[in-house]
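The numbering used here applies: residue 3 is where the sequence shown begins, and numbers increase by one.
Built from N, CA and C at the ideal position, the CB exists for glycine as well.
Here's the structure, in structure tokens; my notes come after.
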Amino acid sequence: MSEAEESDQRRLARNVNELLQELRVAQAGVQILFGFLLSIAFTDKYASTGTFVRTTHMVTVLCAALAVAFLTAPAAWHRVLFRQGRREDVVESGNTFALVGLGFLALAMTGTVLLLAEVILPTWVAIVVGVSALIVFAGLWFAWPFSTKGAENRERP
Numbered sequence: 003m004s005e006a007e008e009s010d011q012r013r014l015a016r017n018v019n020e021l022l023q024e025l026r027v028a029q030a031g032v033q034i035l036f037g038f039l040l041s042i043a044f045t046d047k048y049a050s051t052g053t054f055v056r057t058t059h060m061v062t063v064l065c066a067a068l069a070v071a072f073l074t075a076p077a078a079w080h081r082v083l084f085r086q087g088r089r090e091d092v093v094e095s096g097n098t099f100a101l102v103g104l105g106f107l108a109l110a111m112t113g114t115v116l117l118l119a120e121v122i123l124p125t126w127v128a129i130v131v132g133v134s135a136l137i138v139f140a141g142l143w144f145a146w147p148f149s150t151k152g153a154e155n156r157e158r159p
């Protein structure tokens, strides 16, 4: 293997390790959230909730489950493909899975905030709180980083 190929392999190994390390943070949080959301359905108070709360809860549980699936997929891909020398596939697909997983996590967090707000606030205020949460997650996790990436590209000659 030439020195350039070796450094490319080191770069890919570092990228895989960084990706998996970053996902560990998100995985723990989404799994705790998922467990919390599952436990809600088995409370006495849940039996008396209306259709809006039940629907919001179910959609939120599904978003959390999809977040778990997408955020753990890169680790599964790494385990299946690492001996085949397909680190580049793991990095490229893992990046996509991580972004999609974070999107579902943002929706699950928004749904959780909406559920809590619906229990303690009037419906219209709860919806405002839920939309505000979505704006914060979408802004901090996606819009802001993508906008700075575009600004960086415009500044380069």
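In the structure shown, residue 76 falls within a helical segment according to DSSP collapsed to helix, strand and coil. Between residue 66 and residue 35, the C-beta spacing is below 8 Å. By the Cβ neighbour-count rule, residue 30 is exposed, with fewer than 16 other Cβ atoms within 10 Å of its own. In this model, residue 131 and residue 106 are separated by some 18 Å (Cα to Cα).
Residue 56 carries a helical assignment under DSSP once its states are collapsed to helix, strand and coil.
Between residue 76 and residue 25 the beta-carbon gap is near 6 Å, inside 8 Å, which marks them as a contact. Taking 8 Å as the cut-off, the Cβ atoms of residue 62 and residue 39 count as close. Collapsing the DSSP output to three states places residue 43 in coil.
In this structure, residue 112 sits near residue 135, with a CB-CB distance shorter than 8 Å.
In this structure, DSSP gives residue 51 a state outside helix and strand, which the three-state scheme calls coil.
In the displayed model, residue 88 falls within coil according to three-state DSSP, outside both helix and strand. Remark: C-beta atoms of residue 93 and residue 142 do not approach each other more closely than 8 Å. Secondary structure note for residue 139: its alpha helix (DSSP H) is the uninterrupted segment 125–140. Per the C-alpha coordinates, the member of 68, 118 and 126 positioned closest to residue 102 is 68.
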